Amino acid sequence: MRVGIIGTGAISHKHAQAYANIGYKVTVCTDINEQAGRQFAERYGAQFLSSYEEVCRHPEVDFVDVCTFPDFRLQPLKICAETKKHIQVQKPISTSLETAREMIETARRAGIQLGVVSQHRFDDSSRCLYKAIRDGRLGKILQADAYVKWYRTPEYYSRPIKGSWAVEGGGALINQAIHQVDVLRWLVGGVKELFGYWQLAAIHKIESEDVVCALLRYENGATGVLQASTAFWPGYTERIEIHGTKGTAIISGDK
Ligand SMILES: NC(=O)c1ccc[n+]([C@@H]2O[C@H](COP(=O)([O-])OP(=O)(O)OC[C@H]3O[C@@H](n4cnc5c(N)ncnc54)[C@H](O)[C@@H]3O)[C@@H](O)[C@H]2O)c1
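Using our numbering, the letters of the sequence shown correspond one by one to residues 374 to 628.
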């Protein structure tokens with residue numbers, strides 16, 4: 374497969390390495406920071422293009438990989454819908470439910486695949502637990518929790534876009550704990566009711582939450598707790614805990 378990458382910042386390097394491992398070729402890339410884009414192109418043997426439109430229309434691109442911040446996903450998706458190219462976007466899918474739904478609908482109507490990077494579904498631990506739950510080894514699920522009690526430094530939030538509503542869509546919940554939210558929903562199913570508190574800018578100079586805790590009721594009747602933070606010193610390994618009538622399983626880190 375031939376890939377076109379939009380956004381050549383930190384995470385795009387992981388993508389490029391992964392593509393090299395599986396024999397995919399990054400043919401073209403772009404970035405609004407031209408220097409960063411050109412350096413990336415040179416490093417991975419790709420051609421730098423000056424706009425995302427060109428990436429989405431390029432004849433040597435089978436699918437487009439969007440590694441920008443989450444306020445910029447729908448724009449390339451709309452062109453991919455026209456050119457019938459599949460598209461992958463980094464998490465989170467969007468900064469708003471409305472745009473996320475529009476993205477899903479646009480991809481569906483065009484008959485293209487839209488993927489969102491949720492890599493923890495592919496961890497051995499979560500795959501093993503997914504199968505164990507489906508095989509009934511934990512019995513009826515009573516409670517499913519996620520704890521993401523992390524710490525991020527002031528430097529991490531030094532760029533104004535970090536933790537902003539407009540560009541990142543929020544703080545610790547949508548940016549950090551989104552992986553554990555995704556795994557919980559994948560393992561246990563949808564959430565019917567939710568109640569929570571957050572603290573906006575508890576310790577960081579951001580608009581959004583750096584402390585959040587919530588109580589969940591899943592569609593299957595199980596209850597759960599979700600705690601997420603980027604303000605808890607010194608920062609602890611994230612955990613998912615699933616309690617069923619026949620047993621308990623805990624994923625700590627990726628194990
Ligand atoms: N799945 C994970 O574990 C994981 C880890 C890190 C980051 N991410 C996600 O990846 C995304 C990018 O994060 P990052 O850390 O690489 O950020 P980054 O700032 O290092 O890189 C983003 C790049 O996108 C470019 N860009 C912004 N708008 C653009 C546009 N309109 N057209 C072209 N280029 C544009 C920027 O110039 C920058 O080079 C975020 O959504 C983040 O949440 C996911």
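C-beta: ideal position from N, C-alpha, C; glycine also.
As the structure is a computational prediction, the values presented were derived from the model and not from experiment.
Count the CB pairs spanning the region 585 to 599 and the region 558 to 571 that are closer than 8 Å, and state whether there are at least three. yes
Tyr529 classed as buried or exposed, judged by whether at least 16 other C-beta atoms fall within 10 angstroms: exposed
Give the straight-line distance between the Cα atoms of Ala419 and Asp496, rounded to the nearest whole angstrom. 30 Å
If we ignore side chains and look at the alpha-carbon of each, how far apart do Gly608 and Lys522 end up? 6 Å
Which of helix, strand or coil DSSP assigns to Glu426: helix
Reduced DSSP secondary structure (H/G/I, E/B, other) of His459: strand
Give me the Cα-Cα distance between Gly617 and Gly509, rounded to the nearest whole angstrom. 9 Å
Kindly list the residues whose CB is nearer than 8 Å to the CB of Tyr570, restricted to its own chain and excluding five residues on each side of it in sequence; keep chain order. Val585, Cys586 and Ala587
Identify whether Phe413 lies in helix, strand or coil by the three-state DSSP scheme. helix
Excluding the 5 residues flanking Gln600 on each side, which residues of the same chain have their C-beta closer than 6 Å to its C-beta? Tyr520 and Cys586
Spatial neighbours of Ala389 within its chain, please: C-beta separation below 6 Å, excluding the five flanking residues on both sides. Val399 and Tyr417
Between the alpha carbons of Lys457 and Ala505, how many angstroms are there, rounded? 38 Å
Exposure label - Asn548; buried when at least 16 CB within 10 Å: buried
By DSSP, does Glu451 sit in helix, in strand, or in coil? Just to set this straight, residue 451 is Lys in the shown sequence, not Glu. Correct three-state label for Lys451: helix.
Continuous beta strand (DSSP E) assignments of at least 3 residues falling wholly in the region 479 to 549: 487 to 489 and 514 to 522
Near ligand 1: Gln463 beta-carbon under 7 Å from a heavy atom: yes
Per-residue DSSP class, three states only, for Ala393: helix
For Ala473, which of helix, strand or coil comes out of DSSP? helix
Taking the alpha-carbon of Gly597 as reference, which of Leu560, Gly382, His493 and Arg525 has the nearest alpha-carbon? Leu560
Looking at the structure shown, is Arg558 part of a helix, part of a strand, or coil, going by DSSP? helix
For ligand 1, is there any heavy atom lying closer than 7 Å to the beta carbon of Asn394? no
Does the pairing of the region 426 to 433 with the region 404 to 411 give three or more beta-carbon distances under 8 Å? no
Whether Arg494 touches Asp583 by CB criterion (8 Å): no
How many Å lie between Phe436 and Gly620 at the Cα? 42 Å
Under a Cβ-count criterion, where at least 16 other Cβ atoms within 10 Å of its own Cβ denotes burial, should Thr656 be classed as buried or exposed? The structure shown does not extend to residue 656, since the chain is modelled only from 374 through 628, so no value can be given for it.
Validate contact between the region 477 to 489 and the region 530 to 548 using beta carbons, cut 8 Å, 3 pairs: no
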